[in-house]
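If you want my numbering, it's the 1-based position in the sequence shown plus 1.
All C-beta atoms, glycine included, are put in the ideal place defined by N, C-alpha and C.
Below you'll find the structure, written out as structure tokens, and then a few comments.
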Amino acid sequence: MKRKLEFGVGIPTGTEGLMYPIPFVEDIRDNIRIAEKAEELGYDSVWGNDHIATQQYVVEDFGQAPNYFAPLITLAAIGEHTKTLKLATALLVLPFRQPGILAKELASLDRLCGGRLMLGVGMGAYREEFEALFGSQAKGKMRGKMVDESLEILHRLFTEDVVTYKGEYFEVENLQSTPKPVSNPFPFYIGGNSDNGMARAAKYGQGWLPSGFTVSEMAQRVERLKEMLEANGRPADDLDIAPQFTVALGKTYEEAWEKYTKSQQYRHMLTLASSTMKGMDLSDCVNRDLIGTPEEVLERINQYREAGVTSFPAILFTANNMSEFFDEMQWFAEDVVKKIKIDTH
């Protein structure tokens, strides 16, 4: 399947303390301004992420809690201020939500924005956040299984008139959900680097949204995903391969690397390297993100495309304040996105 090469911007609905410092977004309308500028610059989509609570170490590091904004509500506002920009999540945490209610919210939003909604979904990166939200009820719950059940219910509510489903965590009985979304099939983008995440993408997804792979690792994963698609009776090229990257541009490679190492993204990786990702070689980040001069980043993008990547959504820009964010977003659009789109036309 021939796909249009697309680029998307990750908007900071829930990235303070993780990818950006606290404070970063002091006004929720900053997300609208980012989206308006992204559309003007020729980006194809914006992607909001989803956090309810933060880890305790983030509060301890910054001395205050981050600002987290509801992604679907933020996207609804953005839809009123844009015309063609696709509105998406990367990622919406399905175990936080009852799928019957979520189906109604998604269909309503998709109709409000004229069929521009895409939904990246996942199980959530942090067990601590799940426990903060559900307390003692979180004990023993398997978030991956909750994602599977939620996707099954959402898929059926979007394609069937009446749905009855009884799972371990979610159930609905004789539920009708109308109107349906404009888009059919509805574009679910399934997050996760694991085999389980890939299997979900092959079964339910219109896209797969991983992160952190080198070019060679991505090529291996794409081949495995093709096998999973064919096992589900789907063409091997039936999925948008859409990994998320951080971008750090410089006039030289050294300048770009210095910018990256002074960013909150890098500080976040330092934290992960001492906890959930022990043993990670931080110097290898350059092989897992888009760091360098515009020419070097263009070359990396083409290498990923040869490995099977078909779009570049939810890009995170190295920035320590909103002004730097806008500058990096514009630089990448003018010296990378426009050039590669000209070359691919």
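For residue i, is the classification buried or exposed, using 16 other Cβ atoms within 10 angstroms of its Cβ as the cut-off for buried?
{"i": "LYS87", "result": "buried"}
{"i": "GLU224", "result": "exposed"}
{"i": "LEU271", "result": "exposed"}
{"i": "LEU338", "result": "In the sequence as presented, Leu is not what sits at residue 338; that position holds Val. Buried, because 16 or more other Cβ atoms sit within 10 Å of the Cβ of VAL338."}
{"i": "THR55", "result": "buried"}
{"i": "SER264", "result": "buried"}
{"i": "PRO314", "result": "buried"}
{"i": "ARG128", "result": "exposed"}
{"i": "SER58", "result": "First, the amino acid is wrong: residue 58 is Tyr here, not Ser. Exposed is the call here."}
{"i": "ARG222", "result": "buried"}
{"i": "THR319", "result": "buried"}
{"i": "THR179", "result": "exposed"}
{"i": "SER217", "result": "exposed"}
Measuring only the C-alpha atoms, how far is residue i from residue j?
{"i": "VAL47", "j": "ALA39", "result": "8 Å"}
{"i": "ALA78", "j": "ALA249", "result": "29 Å"}
{"i": "ARG268", "j": "ILE23", "result": "13 Å"}
{"i": "SER284", "j": "ASP45", "result": "31 Å"}
{"i": "GLY18", "j": "PRO295", "result": "27 Å"}
{"i": "GLN331", "j": "LYS142", "result": "43 Å"}
{"i": "ASP28", "j": "LYS227", "result": "43 Å"}
{"i": "PHE214", "j": "VAL10", "result": "19 Å"}
{"i": "ASN197", "j": "ARG30", "result": "36 Å"}
{"i": "THR160", "j": "GLU41", "result": "35 Å"}
{"i": "LEU317", "j": "GLY136", "result": "31 Å"}
{"i": "LEU118", "j": "HIS52", "result": "19 Å"}
{"i": "THR35", "j": "ILE341", "result": "According to the sequence displayed, residue 35 carries Ile and not Thr. Using only the alpha carbons, I get a separation of about 22 Å."}
{"i": "LEU92", "j": "ILE191", "result": "8 Å"}
{"i": "GLU61", "j": "LEU6", "result": "41 Å"}
{"i": "THR83", "j": "GLY116", "result": "13 Å"}
{"i": "PHE63", "j": "ARG306", "result": "38 Å"}
{"i": "ILE343", "j": "THR165", "result": "49 Å"}
{"i": "ARG301", "j": "ALA308", "result": "11 Å"}
{"i": "ALA257", "j": "ASP336", "result": "14 Å"}
{"i": "ASN303", "j": "ALA220", "result": "13 Å"}
{"i": "LEU273", "j": "SER312", "result": "27 Å"}
Using beta-carbon positions only, say whether residue i and residue j come within less than 8 Å of one another.
{"i": "PHE189", "j": "GLY206", "result": "yes"}
{"i": "PRO72", "j": "GLY49", "result": "yes"}
{"i": "ASP239", "j": "LEU230", "result": "yes"}
{"i": "VAL173", "j": "ASP111", "result": "no"}
{"i": "GLY293", "j": "ALA243", "result": "no"}
{"i": "TYR170", "j": "LYS140", "result": "no"}
{"i": "LEU113", "j": "GLY80", "result": "yes"}
{"i": "MET2", "j": "PRO186", "result": "no"}
{"i": "THR85", "j": "GLY121", "result": "no"}
Taking residue i as the reference, give the member of the options with the closest Cα.
{"i": "TYR254", "options": "VAL287, LEU271, ASN32", "result": "VAL287"}
{"i": "ASP290", "options": "PRO211, ARG30, GLU37", "result": "PRO211"}
{"i": "ALA203", "options": "THR179, PRO182, GLY234", "result": "GLY234"}
{"i": "TYR69", "options": "GLU153, THR14, LYS105", "result": "THR14"}
{"i": "ILE154", "options": "SER184, SER195, ARG98, PHE8", "result": "ARG98"}
{"i": "VAL163", "options": "LEU176, ASP196, ALA133", "result": "LEU176"}
{"i": "ALA133", "options": "THR345, PRO96, MET147, CYS114", "result": "PRO96"}
{"i": "VAL123", "options": "ALA104, SER151, CYS114", "result": "First, the amino acid is wrong: residue 123 is Gly here, not Val. If we check each option's Cα against that of GLY123, SER151 comes out closest."}
{"i": "GLN65", "options": "GLY193, GLU218, THR311, PHE25", "result": "PHE25"}
{"i": "SER109", "options": "THR83, VAL148, ILE74", "result": "ILE74"}
{"i": "PHE333", "options": "MET323, ASN321, LEU299", "result": "LEU299"}
{"i": "SER195", "options": "ASP344, ALA126, LYS105", "result": "ALA126"}
{"i": "ALA199", "options": "LYS260, ASN32, ASP149", "result": "Contrary to the premise, residue 199 reads as Met rather than Ala in this sequence. Nearest option by C-alpha distance: ASP149."}
{"i": "ALA104", "options": "VAL94, LEU120, PRO67, LEU158", "result": "LEU158"}
What would DSSP say about residue i, mapped onto helix, strand or coil?
{"i": "GLY101", "result": "helix"}
{"i": "MET330", "result": "helix"}
{"i": "ALA91", "result": "strand"}
{"i": "GLN245", "result": "strand"}
{"i": "THR179", "result": "coil"}
{"i": "PHE135", "result": "helix"}
{"i": "PHE25", "result": "coil"}
{"i": "VAL148", "result": "helix"}
{"i": "MET119", "result": "strand"}
{"i": "GLU169", "result": "coil"}
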